[in-house]
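Student:
Numbering (our numbering), first residue to last: 85 to 482.
#1: Answer with buried or exposed for residue 347, where buried requires no fewer than 16 other C-beta atoms within 10 angstroms of its C-beta.
#2: Between the stretch 284–296 and the stretch 133–150, do three or more beta carbon pairs fall short of 8 Å?
#3: If we call anything under 8 Å between Cβ atoms a contact, is residue 296 one with residue 263?
#4: Excluding the 5 residues flanking residue 187 on each side, which residues of the same chain have their C-beta closer than 7 Å to its C-beta?
#5: According to DSSP, simplified to helix, strand and coil, what is residue 271?
#6: Is the beta carbon of residue 177 sitting closer than 8 Å to the one on residue 359?
#7: How about residue 210: is its C-beta nearer than 8 Å to some C-beta of chain D?
#8: If you reduce the DSSP assignment to three classes, tell me which class residue 417 lands in.
#9: Relative to the C-alpha of residue 314, which candidate in 240, 332, 168 and 163 has its C-alpha closest?
#10: If I measure Cβ to Cβ from residue 274 and keep anything under 7 Å in the same chain, skipping five residues before and after, which residues do I get?
#11: Is it the case that the Cβ atoms of residue 337 and residue 307 are separated by a distance below 8 Å?
#12: State buried or exposed for residue 234, treating a residue as buried only when at least 16 other CB atoms are found within 10 Å of its CB.
#13: Check whether the stretch 460–472 and the stretch 380–394 touch, using three or more Cβ-Cβ pairs below 8 Å as the test.
#14: Is the Cβ-Cβ distance between residue 460 and residue 400 less than 8 Å?
#15: Determine the contact status of residue 398 and residue 182, defining contact as a CB-CB distance below 8 Å.
#16: Would you mind listing the beta strand (DSSP E) stretches within the stretch 182–243 that are 3+ residues and don't spill past its ends, in chain order?
#17: Say whether the stretch 98–114 touches the stretch 132–140, bearing in mind that this needs 3 or more beta-carbon pairs closer than 8 Å, one atom from each stretch.
#18: Between residue 124 and residue 249, what straight-line distance do the alpha-carbon atoms span, to the nearest angstrom?
#19: Runs of 4 residues minimum, wholly inside the stretch 355–394: which ones carry the alpha helix (DSSP H) assignment?
#20: Can you round the beta-carbon distance between residue 304 and residue 279 to whole angstroms, since I take them to be within the 8 Å contact cut?
#21: Taking the continuous alpha helix (DSSP H) assigned at residue 333, which residues delimit it?
#22: How would you label residue 357, buried or exposed, when you count the other beta carbons within 10 angstroms and need 16 or more for buried?
#23: Is it true that the stretch 194–210 meets the stretch 425–433, where meeting means three or more beta-carbon pairs spaced less than 8 Å apart?
#24: In angstroms with no decimal places, state the Cα-to-Cα distance between residue 422 and residue 370.
#25: Once the 5 residues before and after residue 343 are set aside, which same chain residues still bring their CB inside 8 Å of it?
#26: For residue 298, which of 88, 127, 378 and 103 has the nearest alpha-carbon?
#27: Going by DSSP in three states, residue 456 sits in which element: helix, strand or coil?
#28: DSSP beta-bridge partners for residue 406?
#29: How many Å lie between residue 412 and residue 462 at the Cα?
#30: For residue 384, I'd like the list of residues in its chain whose CB is within less than 6 Å of its CB, leaving aside the five on either flank, ordered along the chain.
#31: When the Cα atoms are used, what is the spatial distance from residue 91 to residue 477?
#32: How many angstroms separate the CA atom of residue 256 from the CA atom of residue 372?
#33: If we count the other Cβ atoms within 10 Å of its Cβ and call it buried at 16 or more, is residue 97 buried or exposed?
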């Protein structure tokens, strides 16, 4: 009898929902508001910096921690925008192949089999997969949508307390949050920091949407909150802030002992990432303030454009405080669940969205089944055509 081909750690993993719905969108000619990649390019000056680095011969392996100039730029950027001072580029920064590799290396470096990791739901899908890869157990805390008592997405503090225990090793935060758009407040971070200090838990803070914010929300980097400073590993990347998702340049900032744990894993995962793109990312992080202000203004305009269109199409939408995603309420529209709704959208209406239930644990999957996630990191022409199709298609289905 032949041996099973798939290892247990991947046997239960199918094609990601992003790949599945992007393929469906292509097949049916749908406007793709599903996968979160911009359909426009990043700054010309940054692309020119990459071309120059290639021409200048920056084409061999970078040092495993990353090109030093990029590590310096990451430290400068943290101080400039977040008040995250005292970052030593030589002992506190590792450059990775995107934030996704950074997340894996944090978990590989800090979490053992049998440990527990606290996740807020809905979650970016690689968190849960990576926790499983190392043989750890995820403990899930759902974020709740805005209601009469809460203006933004919120969590039950008793549920968070109950998720922490003697085996808890890591808390994963994502702020601004994908897919809800929640931005964690300083007061919420102080509460979470108190729990982490009580249980000696480290924090992985995924901040890839750090520059896509909508007032009055303000991004507070957890590493700048005193109770979290010595236990937080900050993860970010160039992809979202510079519309260069295909470059896959990410990084981790952490106190030296924690960064050492990440670096030990990173050196055997990818060792290093693309040298000329690292050089260009250093130039990107040094763009003038006006670039970052214009980025937020651009996304605010796109957010409001899609919010208006979704409302006109009859969908209740929750306005995000950050990121480039909008969650809508699809309950009461006659579909079995969010997957059925999103399949109908792409095949019959011509618009691709993502079913959020895939971002929940089995025990809480029902919380996502009455919602759909739309991405607004698209040109105005694509957003407008998607809205036109939604108005026609959803009216027809009523």
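Note that the Cβ used here is the ideal one computed from N, Cα and C, for glycine as well.
Tutor: Quick answer:
#1: buried
#2: no
#3: no
#4: Correct list, in chain order: 210, 211, 214, 288, 290 and 319.
#5: helix
#6: no
#7: In the structure shown, chain D does not exist; there is a single protein chain.
#8: coil
#9: 168
#10: 309 and 311
#11: Contact: yes.
#12: exposed
#13: yes
#14: Not a contact, by the Cβ cut-off of 8 Å.
#15: no
#16: Runs of beta strand (DSSP E) with 3 or more residues, each lying fully within the stretch 182–243, are found at 200–205 and 221–226, listed in chain order.
#17: no
#18: 45 Å
#19: 359–369
#20: No, residue 304 and residue 279 are not in contact; Cβ-Cβ is about 17 Å, not under 8 Å.
#21: It is not in any alpha helix (DSSP H) - residue 333 carries neither H nor E in the DSSP assignment.
#22: Taking all protein chains shown into account, residue 357 has 16 or more neighbouring C-beta atoms within 10 Å of its C-beta and is therefore buried.
#23: no
#24: 41 Å
#25: 175, 176, 177, 178, 317, 336 and 337
#26: 378
#27: strand
#28: 297
#29: 18 Å
#30: 298
#31: 43 Å
#32: 31 Å
#33: Residue 97 is exposed by the Cβ-count criterion.
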